[in-house]
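*Asks:* Residue 81 in the UniProt record's numbering sits at position 81 of the sequence shown; the count goes up by one each step and never skips.
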Amino acid sequence: MRLLAADVLTGDAAPLTELGAAEVGTWEMAPGTDHDTEVDEVFVVLAGRGTVTFEDGEVIDLAPGVAVRLRAGERTTWVVTETLRKVYVAL
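What follows is the structure, encoded as structure tokens:
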């Protein structure tokens, strides 16, 4: 399942290219909170700050250079405190 702009509740996705079955793109979210159900994705934060919290209670602090693996079906809560920009590879 690809990440499409329509799947993002408060962020903006900009697909750049496809690499086999994967989509490569950028995503940006202004400060605020969002709840999401994830697709298979790996991303690296380019700019901004915030946290992503998983249903199991794991919290990852997001900052430039942080890499994260998301798995399809995971439910997350994103809290962005400084406009967040990431580059992603999603299936």
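Every residue gets a Cβ at the ideal spot worked out from N, C-alpha and C, and that includes glycine.
Here the structure is a predicted model, which is why all the values come from computation and not from measurement.
#1: Measure the alpha-carbon distance for Thr53 versus Trp78 and round it to whole angstroms.
#2: Helix, strand or coil for Pro31 per DSSP?
#3: Can you give me the C-alpha to C-alpha distance between Ala13 and Tyr88, rounded to a whole angstrom?
#4: Looking at the secondary structure, which residues open and close the beta strand (DSSP E) in which Arg71 lies?
#5: Quick one: any contact between the segment 24-33 and the segment 57-69, if contact means 3 or more CB pairs under 8 Å?
#6: By how many angstroms is the C-alpha of Leu16 removed from the C-alpha of Ala22?
#7: Could you give the DSSP three-state label for Gly20: helix, strand or coil?
#8: My output table needs one value for Glu55: the three-state DSSP class, helix, strand or coil.
#9: Which of helix, strand or coil does DSSP assign to residue 93?
*Replies:* For this structure:
#1: When rounded, the distance between both Cα atoms is 6 Å.
#2: Correct three-state label for Pro31: coil.
#3: Taking the straight line from one Cα to the other gives about 10 Å.
#4: From DSSP, Arg71 is part of no beta strand (DSSP E); its letter is neither H nor E.
#5: Because the criterion of three Cβ pairs below 8 Å is not met, the segment 24-33 and the segment 57-69 do not touch.
#6: One C-alpha to the other measures close to 11 Å.
#7: DSSP places Gly20 in the coil class of the three-state scheme, outside both helix and strand.
#8: Of the three classes helix, strand and coil, the one that applies to Glu55 here is coil, per DSSP.
#9: The shown model of the chain, from 1 to 91, leaves out residue 93, and the question about it has no answer.
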